[in-house]
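One gets the working numbering by counting positions in the sequence shown from 1 and adding 1345 to each.
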Amino acid sequence: MNYGGNSVNILSDGTLMVDGGYAFGQVPRTEWETQIKPDRRNRVRFAMNSMVIKTPNANILVDTGAGNKRTDQLKESHHINGNKLIRNLKEVGLNARDIDIVVLTHLHFDHSGGCTKLNRSGDAVPIYPKARHIVQEKCWIEAVSPNERFQSIFHQDDFMPLEEKGLIELVDGDSEIAPGVTLKVADGPSKGHQMVLVDMGSERVVFASDLIPTSHHLQAN
1346 MNYGGNSVNI LSDGTLMVDG GYAFGQVPRT EWETQIKPDR RNRVRFAMNS
1396 MVIKTPNANI LVDTGAGNKR TDQLKESHHI NGNKLIRNLK EVGLNARDID
1446 IVVLTHLHFD HSGGCTKLNR SGDAVPIYPK ARHIVQEKCW IEAVSPNERF
1496 QSIFHQDDFM PLEEKGLIEL VDGDSEIAPG VTLKVADGPS KGHQMVLVDM
1546 GSERVVFASD LIPTSHHLQA N
């Protein structure tokens, strides 16, 4: 989709499985399983999607998927089939060094894991070394000091190496990061969860991330 010098592409980092009860919250299983079939462990498949926005002055990446640092135990428990984003970036003519801005809707591992990779020494280092990584301040505070309930979904090596390199930019509230590209705070699965809105003439592209994790979470009018 293109308009006014801006273009938008949705790219995949792969898929993972999450517990159906967690995915659908208060909706009874008898209702949601008619739309999406769980496996024998009550898991349903989620897509790990990112969005690339090309503007006249910046290339913006929204979310980075799970990346390739996950432990075998986590890969098995979530049946992660990922680490496809860098390859898919090439399909739209970009590589990691072309990205100027990374917007992280929140810092759960399946959205921020692809911010870093392990070098030959086993240290996590930034994948997008030229990009400023924009995070809501409330989200950052929760992620760097998670309570016991959320420790398993915030992985420090996904984002702390970015702070060490001066690549984290904390924001507080809604803001326009480029002409026609706006961040909108919408607390949901994480404090400081943010959506990305892109004006495309008479239409608007909304990247809602985990606020609408599947099409089954939408209610038809």
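Backbone N, C-alpha and C fix where the C-beta goes; we use that ideal spot for every residue, glycine too.
Three-state secondary structure (DSSP) of P1373: Locating residue 1373 in the sequence shown gives position 28, where the first residue counts as 1. Here P1373 sits in coil by DSSP.
Mapping the DSSP letters down to three states, classify K1529 as helix, strand or coil. Taking the first residue of the sequence shown as position 1, residue 1529 is located at position 184. Here K1529 sits in strand by DSSP.
Helix, strand or coil: how does DSSP classify S1357 here? In the sequence shown, the residue the question calls residue 1357 occupies position 12. Of the three classes helix, strand and coil, the one that applies to S1357 here is strand, per DSSP.
What did DSSP end up calling Q1539 once you bin it into helix, strand or coil? The sequence position of residue 1539 within the sequence shown is 194, counting from 1. It is a strand residue.
Grab me the residues of K1529's own chain with a C-beta within less than 8 Å of its C-beta, minus the 5 sequence neighbours each way, in chain order. As a working mapping, residue 1529 is identified with position 184 in the sequence shown. Result list for K1529: D1519, Q1539, M1540, V1541, L1542, in chain order.
CA-CA distance, K1382 and V1550? By one-based count along the sequence shown, residue 1382 stands at place 37. By one-based count along the sequence shown, residue 1550 stands at place 205. Between K1382 and V1550, the C-alpha separation is close to 29 Å.
Secondary structure of Y1367, DSSP reduced to three states: As a working note, residue 1367 is residue 22 in the sequence shown. Under the three-state reduction of DSSP, Y1367 is assigned to helix.
Simplified DSSP state of M1545, which is helix, strand or coil: For the purposes of this step, residue 1545 is taken as the residue at position 200 of the sequence shown. Of the three classes helix, strand and coil, the one that applies to M1545 here is strand, per DSSP.
Out of G1370, I1522, E1514, which one is the CA nearest neighbour of E1482? Numbered from its first residue, the sequence shown carries residue 1482 at position 137. Selected option, being the one with the closest Cα: E1514.
Would you identify the three-state DSSP class for V1397, choosing helix, strand or coil? On the sequence shown, position 52 is the one that residue 1397 refers to. V1397 falls in the strand class under three-state DSSP.
Residue span of the alpha helix (DSSP H) that contains P1474, given as start and end: Residue mapping note: residue 1474 aligns to position 129 of the sequence shown, counting from 1. Careful: P1474 lies outside any alpha helix (DSSP H) and carries neither H nor E.
Could you tell me which residues DSSP puts in a beta bridge with Q1481? Position 136 of the sequence shown, counted from the first residue, corresponds to residue 1481. Among the bridge pairs identified by DSSP, Q1481 is matched with V1516.
Within the continuous alpha helix (DSSP H) that includes N1433, where are the two ends? Along the sequence shown, one-based indexing puts residue 1433 at 88. For N1433, the uninterrupted alpha helix (DSSP H) segment begins and ends at 1430 to 1436.
Pull the bridge partners of V1551 from the DSSP assignment, please. As a first step, residue 1551 is located in the sequence shown; it is residue number 206 there, counting from the start. Partner(s): L1542.
What three-state label does DSSP hand A1523 in the structure shown? In the sequence shown, the residue the question calls residue 1523 occupies position 178. If DSSP states are grouped into helix, strand and coil, A1523 belongs with the strands.
Inter-stretch contact (C-beta, 8 Å, three-pair minimum) for the stretch 1502 to 1514 and the stretch 1360 to 1380: Flag = no, the stretch 1502 to 1514 and the stretch 1360 to 1380 do not touch.
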